[in-house]
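Taking it in order: structure first as structure tokens, then the write-up.
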Amino acid sequence: MLDYIQFVLAPQVVTGLAFGVAVILVALGLTIIFGLLDVINMSHGEFYAFGAFSALALNWLGLPFWLLLILVPLLMLPVGYFVERVLIQRVFNRPDRHVTTLLLTFGFGLVLEDAFRLGFGPNPYRPDTPIRGAVEFFGIFLPNYRLFLIVFGGFVIAGVALIVYRTRLGAMVRAAAFDRNMAASLGVPVAWVFAGAFAFGVSLAGLAGVLLAPVYSVFPTMGRDFILMAFTVVIVGGMGSIAGAVVAGLFLTQVQSIASLYISPVWTDPIVFGIMVVMLMVRPQGLFGRLGHA
Amino acid sequence: MPDALTVSMRASHALVGIFLLAAIAFAALGAALNDTFYLRLATEALIFGGLALSVDILLGYTGLLSLGQALYFGLGAYLSAVVLMAVPSFWLALASGLAAGLVLGLLGGIIAMRVRGVYFALITFGTAQVVAKVIYNTRSLGASDGLLGVPVIDINFGFVSLSSASPAGFFLVVLAVIVLLYGVSAYILDTPIGRLLIALRANDKRVPFLGYRTATLRLSSFVFAAVIATVSGTLYPMLRGFVSPELLFFSTSGNAVITVVLGGVGTLVGALYGSVMLTLLKSVIGTWTEHHLIVIGLLFMGAVIFLPNGLIGLVRPFIARLLARETKP
Numbered sequence: 071m072l073d074y075i076q077f078v079l080a081p082q083v084v085t086g087l088a089f090g091v092a093v094i095l096v097a098l099g100l101t102i103i104f105g106l107l108d109v110i111n112m113s114h115g116e117f118y119a120f121g122a123f124s125a126l127a128l129n130w131l132g133l134p135f136w137l138l139l140i141l142v143p144l145l146m147l148p149v150g151y152f153v154e155r156v157l158i159q160r161v162f163n164r165p166d167r168h169v170t171t172l173l174l175t176f177g178f179g180l181v182l183e184d185a186f187r188l189g190f191g192p193n194p195y196r197p198d199t200p201i202r203g204a205v206e207f208f209g210i211f212l213p214n215y216r217l218f219l220i221v222f223g224g225f226v227i228a229g230v231a232l233i234v235y236r237t238r239l240g241a242m243v244r245a246a247a248f249d250r251n252m253a254a255s256l257g258v259p260v261a262w263v264f265a266g267a268f269a270f271g272v273s274l275a276g277l278a279g280v281l282l283a284p285v286y287s288v289f290p291t292m293g294r295d296f297i298l299m300a301f302t303v304v305i306v307g308g309m310g311s312i313a314g315a316v317v318a319g320l321f322l323t324q325v326q327s328i329a330s331l332y333i334s335p336v337w338t339d340p341i342v343f344g345i346m347v348v349m350l351m352v353r354p355q356g357l358f359g360r361l362g363h364a
Numbered sequence: 004m005p006d007a008l009t010v011s012m013r014a015s016h017a018l019v020g021i022f023l024l025a026a027i028a029f030a031a032l033g034a035a036l037n038d039t040f041y042l043r044l045a046t047e048a049l050i051f052g053g054l055a056l057s058v059d060i061l062l063g064y065t066g067l068l069s070l071g072q073a074l075y076f077g078l079g080a081y082l083s084a085v086v087l088m089a090v091p092s093f094w095l096a097l098a099s100g101l102a103a104g105l106v107l108g109l110l111g112g113i114i115a116m117r118v119r120g121v122y123f124a125l126i127t128f129g130t131a132q133v134v135a136k137v138i139y140n141t142r143s144l145g146a147s148d149g150l151l152g153v154p155v156i157d158i159n160f161g162f163v164s165l166s167s168a169s170p171a172g173f174f175l176v177v178l179a180v181i182v183l184l185y186g187v188s189a190y191i192l193d194t195p196i197g198r199l200l201i202a203l204r205a206n207d208k209r210v211p212f213l214g215y216r217t218a219t220l221r222l223s224s225f226v227f228a229a230v231i232a233t234v235s236g237t238l239y240p241m242l243r244g245f246v247s248p249e250l251l252f253f254s255t256s257g258n259a260v261i262t263v264v265l266g267g268v269g270t271l272v273g274a275l276y277g278s279v280m281l282t283l284l285k286s287v288i289g290t291w292t293e294h295h296l297i298v299i300g301l302l303f304m305g306a307v308i309f310l311p312n313g314l315i316g317l318v319r320p321f322i323a324r325l326l327a328r329e330t331k332p
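As structure tokens, this is what we get:
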């Protein structure tokens, strides 16, 4: 029994945790964008791939991984800002905002995905792992890079929560999410906050792309597979909830990784998506309240 | 004096008439030139046009964006493949698709109708994902390969019998079915029920004050759209001789949404024109580059921003005005 926990369960929990942290990073951007702008960003997975591909390209130019970890999210900020101002704002005030913005970002995702294929070809790249080796921990080997991913990702998630809940900037974001007209009349630069929050979410997706490139390879459709999980996490946690994204992200990735011990891994996807459908049926607002409302 | 909806429906009918004539001319030309490739491609465009039609009923009339309509289309195709492998009868396959559409639409509707707006889009998306993954992993349904070897069938019309292997003949059969589906949809949407669905889209809080149950109305439009999708799906294995799980995936649902937006949301006929346009675009661009998604994606974004009523939305008002002038005494 103890052997089972040590050699079967524990490594699976750690693998699931590393995946969970990455999913949460992507889901955070998605949930902030929905919570504030009321926009379902269907191209979010492609922004994740954008981050991974720009890291790959810059790495070929000779820039080290550690620099890219800071540089790529910074580069993604103007990309997100531009997309929000040029594309989203153009249709933002139409009566059926949900549908229109969803369709628009869906189209943009298609374009981005094909652009990656045009630039890099359809085959996957696997960048070198920046931290090699593994540590032995109570007799099991854990890859160093995954441990780094968990710790670093944990800090980023905590940082995001800190910014949103404990700074003046975060207060502006939450105020704008709660009532944009009231916030605007109190002097919050709402247009800037919207574009800024979109850029911030895109930047988080880019960061996840850089972090995960050495683990899951880089290929044009990488965002498509990954975003399903992020969407599930956001829905179960509550669209627009930061705490929800963290809790649901950790829970669902653990469900997936532990379930794959007992059933064939291909069947874990239907289980996770099934949880999402049931959640939408019984509690569409998710586990936690929306951004700015709690 | 017909109202605006009836006038625009008549304009749609006129456009379908043009579509039908062009399609028959195309079939005659194809048969004369002994073509197979283009006729089969056009048949496929028509079949996917049926799926787009079902998306338009939900999006354009009831105002519900379904991101999982491929679920019904794909299940119709799988059912038809299974039926055809057991009993090679066109009518049985079609009837089973109809029945399955009613049952599946009711089941899916009960799940999806619990939520509104953006959550509806997500729940249809999620349900389709679950079922697609289950089929993808089910060995007895061919798993990731799908079902291969659906036999060629003879379609018996009583006075004449056509083989599904005949490119022009089967094209005409599919054309007839799809135009019939259009006709039924257009008829139903032009009745008071159709007007109520449009009222739901405009303001769902006021409809109950007129004495109607919104839940029943929404559910019936969902079931109706599901039936249109499954019936269209049943035609697919007759054309291609196989079904694959890709038919249920999001890419198929997404393509149907692109078709409707390009063709024109809320026009019904836009789904048919859009599907032909999209297929044409893919094969034309496909001759000089494999990156047709960039072009289609950009066109789609352009349509969302600049042409919210799509191509037909641009053309139809002229035809409506033309028809109105003719009917004046």
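Same order as they appear, the protein sequences are chains A and B.
Residue numbers for the first sequence follow the numbering used here, beginning at 71 and rising by one.
Residue numbers for the second sequence follow the numbering used here, beginning at 4 and rising by one.
Every residue, glycine too, gets a C-beta built ideally from N, C-alpha and C.
Taking C-beta separations shorter than 7 Å and ignoring five residues to either side along the sequence, the partners of F186 (chain A) in its chain run A119, F123 and P290, following chain order. For I94 (chain A), the closest of A:E116, A:N193 and A:L320 by C-alpha to C-alpha distance is A:L320. Contacts with chain B at 9 Å (Cβ-Cβ) do not include P200 (chain A). Here the alpha carbon of V156 (chain A) sits roughly 32 Å from the alpha carbon of I201 (chain B). When the beta-carbon positions are compared, G266 (chain A) and T101 (chain A) stay at least 9 Å from each other.
By the criterion of at least three beta-carbon pairs nearer than 8 Å, the segment 92–99 of chain B is not in contact with the segment 145–152 of chain A. For V287 (chain B), no Cβ of chain A is located within less than 9 Å of the residue's own Cβ.
At a cut-off of 9 Å between beta-carbon atoms, W136 (chain A) makes no contact with chain B. The segment 200–238 of chain A is shown to contain whole beta strand (DSSP E) runs of 3 or more residues at 204–207 and 210–213, in chain order. Of all residues in the segment 196–219 of chain B, none comes within less than 7 Å of chain A when Cβ atoms are compared. Take the alpha-carbon of Y74 (chain A) and the one of T141 (chain B): they are about 30 Å apart. A residue is called buried once 16 or more other Cβ atoms fall within 10 Å of its Cβ, and M241 (chain B) is buried on that count. Of all residues in the segment 332–349 of chain A, the ones placed with a Cβ closer than 8 Å to any Cβ belonging to chain B are S334, V336, W337, D339, P340, F343, G344, M346 and V347, in chain order. Three or more beta-carbon pairs drawn from the segment 246–262 of chain B and the segment 74–85 of chain B are found closer than 8 Å, and the two stretches are therefore classed as touching. If you draw a straight line from the Cα of S143 (chain B) to the Cα of I341 (chain A), it comes to about 20 Å.
By the neighbour-count definition (other C-beta atoms within 10 Å, threshold 16), R243 (chain B) is a buried residue. Between I333 (chain A) and T302 (chain A), the C-beta gap is not smaller than 9 Å, which leaves the two residues out of contact. Taking a beta-carbon distance threshold of 9 Å, R221 (chain B) does not count as an interface residue toward chain A. Of the other Cβ atoms in all chains shown, 16 or more fall within 10 Å of the Cβ of Y122 (chain B); this residue is therefore buried. Taking a Cβ-Cβ threshold of 7 Å, the residues of chain A close to Y122 (chain B) are L350 and P354, in chain order.
When 7 Å is used as the limit between beta carbons, V272 (chain A) is near no residue of chain B, the shortest such separation being about 17 Å. Here F264 (chain A) has L107 as same chain residues with Cβ atoms under 6 Å from its own Cβ, once five neighbours each way along the sequence are excluded. The continuous beta strand (DSSP E) containing L165 (chain B) extends over residues S164 to S166. Of the other Cβ atoms in all chains shown, 16 or more fall within 10 Å of the Cβ of A247 (chain A); this residue is therefore buried.
In the assembly as shown, N37 (chain B) is an exposed residue. Its beta-carbon has fewer than 16 other beta-carbons within 10 Å. Sorting B:S247, B:L178, B:L310 and B:L265 by C-alpha distance to the C-alpha of F22 (chain B) places B:L178 at the top.
Straight across, the Cα-Cα distance linking Y286 (chain A) with G121 (chain A) is about 13 Å. Exclusion of the five residues before and after A232 (chain B) leaves L54, S57, Q72, Y75 and F76 as the residues of its chain whose Cβ lies within less than 6 Å of its Cβ. Note that the C-beta distance between V96 (chain A) and I297 (chain A) is below 9 Å.
The alpha-carbon of F173 (chain B) is positioned some 16 Å away from that of L24 (chain B). The beta carbon of G177 (chain A) sits closer than 7 Å to none of the beta carbons in its chain outside the five residues before and after it. Between L139 (chain A) and G300 (chain B), the C-beta gap is not smaller than 9 Å, which leaves the two residues out of contact. Straight through space, the alpha carbons of V210 (chain B) and A7 (chain B) are spaced by roughly 20 Å.
Around the C-beta of E116 (chain A), 16 or more other C-beta atoms lie within 10 Å, and the residue is accordingly described as buried. Closest in C-alpha terms to I315 (chain B), from the list B:L302, B:L325 and B:A274, comes B:A274.
Excluding the 5 residues flanking it on each side, R250 (chain A) has same chain C-beta neighbours closer than 6 Å at V260, in chain order.
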